[in-house]
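The listed protein sequences derive, respectively, from chains A and B. For the numbering used here, count along the first sequence from 1 and bump the result up by 7. For the numbering used here, count along the second sequence from 1 and bump the result up by 13. For glycine and all other residues, C-beta sits at the position ideal for the given N, C-alpha and C.
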Amino acid sequence: MNNAIEIHDLCKTYPGFSLKNVSFTVPQGLCCGFVGPNGAGKSTTLRLLAGLAFPDSGDIRLLDRPVCDPAVKGEIGILFDQPYYQEEWTPLDIERSLAPFYPGWDKAQYRKHLSRFGLDARKKVKGFSRGMKQKLAFAVHLSRNTRLLLLDEPTAGLDPAARDELLDILREYMIPENRTILFSTHITSDLERLADRIVYISGGAISYAGDTEELVSRYCMVRGNVLPEDKKAFAIGLRQSASGYECLMELAQIGGLPPDNLTEPATIGDVVVYMERNKKNA
Amino acid sequence: MLNMLRLNWSAMKSYRIRFLIIPVCLFVVGCLSPILLVPMGAFQLFSFSLNPFAVEEKGDLNRLYLTLPVPRRSVVMGRYALSLLLYMIGVLLGLAMMPLANLVSLSKWYLDFKWSLALVSFSFLVYGIMSLAMYPLLFKMGYQKGKVWGYYVPAVFICLIYIAVLEYDILVGNGTFILNLLVYASDHILAVSAGMFTAGGILLCLSYLLSARLYARREF
Numbered sequence: 008m009n010n011a012i013e014i015h016d017l018c019k020t021y022p023g024f025s026l027k028n029v030s031f032t033v034p035q036g037l038c039c040g041f042v043g044p045n046g047a048g049k050s051t052t053l054r055l056l057a058g059l060a061f062p063d064s065g066d067i068r069l070l071d072r073p074v075c076d077p078a079v080k081g082e083i084g085i086l087f088d089q090p091y092y093q094e095e096w097t098p099l100d101i102e103r104s105l106a107p108f109y110p111g112w113d114k115a116q117y118r119k120h121l122s123r124f125g126l127d128a129r130k131k132v133k134g135f136s137r138g139m140k141q142k143l144a145f146a147v148h149l150s151r152n153t154r155l156l157l158l159d160e161p162t163a164g165l166d167p168a169a170r171d172e173l174l175d176i177l178r179e180y181m182i183p184e185n186r187t188i189l190f191s192t193h194i195t196s197d198l199e200r201l202a203d204r205i206v207y208i209s210g211g212a213i214s215y216a217g218d219t220e221e222l223v224s225r226y227c228m229v230r231g232n233v234l235p236e237d238k239k240a241f242a243i244g245l246r247q248s249a250s251g252y253e254c255l256m257e258l259a260q261i262g263g264l265p266p267d268n269l270t271e272p273a274t275i276g277d278v279v280v281y282m283e284r285n286k287k288n289a
Numbered sequence: 014m015l016n017m018l019r020l021n022w023s024a025m026k027s028y029r030i031r032f033l034i035i036p037v038c039l040f041v042v043g044c045l046s047p048i049l050l051v052p053m054g055a056f057q058l059f060s061f062s063l064n065p066f067a068v069e070e071k072g073d074l075n076r077l078y079l080t081l082p083v084p085r086r087s088v089v090m091g092r093y094a095l096s097l098l099l100y101m102i103g104v105l106l107g108l109a110m111m112p113l114a115n116l117v118s119l120s121k122w123y124l125d126f127k128w129s130l131a132l133v134s135f136s137f138l139v140y141g142i143m144s145l146a147m148y149p150l151l152f153k154m155g156y157q158k159g160k161v162w163g164y165y166v167p168a169v170f171i172c173l174i175y176i177a178v179l180e181y182d183i184l185v186g187n188g189t190f191i192l193n194l195l196v197y198a199s200d201h202i203l204a205v206s207a208g209m210f211t212a213g214g215i216l217l218c219l220s221y222l223l224s225a226r227l228y229a230r231r232e233f
């Protein structure tokens with residue numbers, strides 16, 4: 008399987024923060040969630056992928072081409088927290104301005120998506136809500152027959168209904184097999200609904216890069232009154248109080264826990280939260 | 014380049030209405046003296062061409078440009094193309110308004126072809142100077158910071174030079190310095206015009222090369 012995204016030993020240093028040898032791949036045809044706490048390096052990595060910033064060292068390839076090749080952007084859709092369209096533009100202005108850059112622009116598809124998303128083609132962008140602006144951006148990307156979407160927190164600030172709608176759009180986008188999505192988010196429930204793979208970044212370094220199923224099946228949540236001493240070394244992000252304890256633990260380590268302890272499957276959110284807590288406790 | 018030009022023009026949508034003010038301002042200037050029309054037309058249209066920089070900070074236009082499948086130097090080339098096009102429109106507008114301004118102006122000026130060429134070449138030289146002063150800084154720093162160092166500071170600098178030249182001229186023994194320059198220019202009008210065109214062209218090329226270099230490494 009070809010990789011849609013290949014990152015090798017990516018390094019980038021800013022005052023007070025640095026990306027350290029970030030490496031991961033995203034195979035074509037998969038949806039990959041990029042998750043991590045605030046300040047972990049998600050947006051920095053995405054900016055490097057989009058060509059908005061330049062790495063100090065390392066290699067980035069998108070759709071088998073170096074990221075510095077401008078032609079690769081013809082097949083990529085990039086969306087940061089909000090689309091970058093002028094507030095005075097209408098969807099028709101956007102089409103007039105951007106379509107000449109993309110030979111594969113499908114005018115009929117664009118109009119169809121505008122209609123489907125309930126976007127007035129003659130209304131100015133400044134009159135759209137946040138969710139409508141996101142949908143407008145997707146209408147643009149879907150009309151260009153892109154093969155890769157790079158999204159930085161696309162559902163941030165949206166109400167649950169709008170978020171659900173956007174996730175449906177992303178699911179629909181993934182139906183053709185050659186399409187790939189990399190999206191960063193804090194909303195881990197979105198990842199559970201969409202992501203085939205997870206890349207977890209913390210403190211500028213990759214902590215995990217692999218299948219979503221493998222990540223959540225590796226761990227479980229453990230709760231109880233007292234954690235045995237011999238199990239404390241395996242507790243991740245241990246939180247103790249007068250009423251008991253809770254922590255994340257690898258499935259392989261839960262044998263020998265007292266019978267009154269509860270175990271339940273971990274979610275991606277649990278893994279992220281408890282991993283981060285573990286780092287702070289350390 | 015045509016697509017970038019069209020995109021820059023489209024990005025200025027909210028400013029386009031101000032385009033209509035320019036002929037009115039030019040006419041008012043022409044009422045003082047028609048000779049000011051061509052340089053003022055070039056200056057005003059050049060200033061108008063800075064609007065994409067003003068707009069890009071409001072609407073994150075740089076990120077839009079950088080998501081397009083074009084190299085960064087195309088973005089730079091598009092801005093310069095728009096600037097040059099607007100400059101030429103400014104010059105043509107100035108030349109076209111001269112006969113009208115002559116009817117109502119306080120001073121009359123009837124130029125022949127050689128003097129019109131001198132005016133246009135002088136405007137081109139000023140355009141080249143302003144491009145070199147402003148555009149690289151705008152591409153490097155953005156509009157808010159770039160306009161201070163690229164516009165106000167050079168404007169003050171040019172005013173100081175102008176004052177210095179005038180002061181030098183009125184010093185004892187130098188009373189005809191500017192007059193001598195003008196006489197020399199009028200005697201060699203075609204050569205001086207060619208020199209100003211060439212100098213303006215060189216400055217414009219330097220400006221573009223510097224802008225392309227600075228923008229190529231700018232991070233967003």
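Residue-level contact by beta carbon holds for glutamate 232(B) and chain A, with a gap shorter than 7 Å. Pairwise C-beta distances place the segment 221 to 229 of chain B in contact with the segment 150 to 170 of chain B, as three or more of them are shorter than 8 Å.
Within the segment 128 to 150 of chain A, contact with chain B at the beta-carbon level (separation under 8 Å) is assigned to no residue.
Secondary structure within the segment 62 to 128 of chain B: the alpha helix (DSSP H) runs of 4 or more consecutive residues, fully enclosed, are 64 to 72, 74 to 79, 85 to 117 (chain order).
Threonine 187(A) sits away from lysine 131(A), with the two beta carbons spaced by 7 Å or more. The alpha-carbon separation between methionine 111(B) and glycine 43(B) amounts to approximately 7 Å. Taken in chain order, the complete alpha helix (DSSP H) segments of 4 residues or longer contained in the segment 84 to 128 of chain A are 98 to 105, 114 to 123. Among the bridge pairs identified by DSSP, glycine 217(A) is matched with Ile205(A). According to the DSSP secondary-structure assignment, leucine 269(A) is paired through a beta bridge with Arg230(A). Between alanine 114(B) and serine 206(B) a beta carbon distance of about 22 Å is seen, past the 8 Å cut, so the two are scored as non-contacting. Not one beta carbon of chain A lies nearer than 7 Å to the beta carbon of arginine 29(B). The beta carbon of threonine 80(B) sits closer than 7 Å to some beta carbon of chain A. Secondary structure note for lysine 27(A): its beta strand (DSSP E) is the uninterrupted segment 24 to 34. Within chain A, the residues placing a beta-carbon under 9 Å from that of arginine 19(B) are Arg103, Ser104, Pro107, ordered along the chain.
Leucine 149(A) and tyrosine 180(A) have their C-alpha atoms roughly 8 Å apart.
If only complete runs of 4 or more residues are kept, the segment 132 to 184 of chain B shows the alpha helix (DSSP H) at 156 to 160, 166 to 183, in order along the chain.
Within the same chain, Cβ atoms closer than 8 Å to the Cβ of phenylalanine 40(B) are found at Met110, Leu113, Ala114, the five residues on either side in sequence being excluded. Arginine 54(A) counts as buried, since at least 16 other C-beta atoms from the protein chains shown sit within 10 angstroms of its C-beta. The beta carbon of alanine 24(B) sits closer than 7 Å to some beta carbon of chain A.
Distance from the CA of proline 47(B) to the CA of lysine 121(B), rounded to the nearest whole angstrom, comes to 7 Å. Neighbours of aspartate 73(B) in chain A, taken as residues at a C-beta separation under 7 Å, are given in chain order as Tyr91.
About 6 Å separates the Cβ atoms of leucine 173(A) and proline 161(A), confirming a contact at the 8 Å cut-off. If you draw a straight line from the Cα of glycine 46(A) to the Cα of lysine 27(A), it is about 14 Å long. Assigned with DSSP and collapsed to three states, valine 74(A) falls in coil, not helix or strand. Here the segment 80 to 95 of chain A lies against the segment 128 to 142 of chain A, with 3 or more beta-carbon pairs under 8 Å apart. One Cα belongs to glutamate 220(A), the other to valine 33(A), and the distance between them is close to 15 Å. In chain order, Pro77 make up the part of chain A whose C-beta sits under 8 Å from the C-beta of proline 84(B). Taking 7 Å as the cut-off, the Cβ atoms of methionine 228(A) and glutamate 271(A) count as close. For the segment 57 to 81 of chain A, the set of residues with a beta-carbon nearer than 8 Å to any beta-carbon of chain B comprises Ala57, Gly58, Leu59, Ala60, Phe61, Pro77, Ala78, Val79, Lys80, Gly81, in chain order. In the DSSP assignment, the residues bridged to aspartate 66(A) are His15(A).
In this structure, the CA atom of tryptophan 162(B) is about 11 Å from the CA atom of glycine 155(B). A Cβ-Cβ distance of about 6 Å is found for the pair arginine 204(A) and aspartate 218(A), placing them in contact under the 8 Å criterion. Per the coordinates, the alpha-carbon of valine 68(B) lies some 54 Å from the alpha-carbon of serine 248(A).
Taking C-beta atoms as the reference points, asparagine 21(B) and proline 107(A) fail to come closer than 7 Å.
Asparagine 10(A) carries a strand assignment under DSSP once its states are collapsed to helix, strand and coil. Nearest CB-CB separation between isoleucine 14(A) and chain B: not below the 7 Å threshold.
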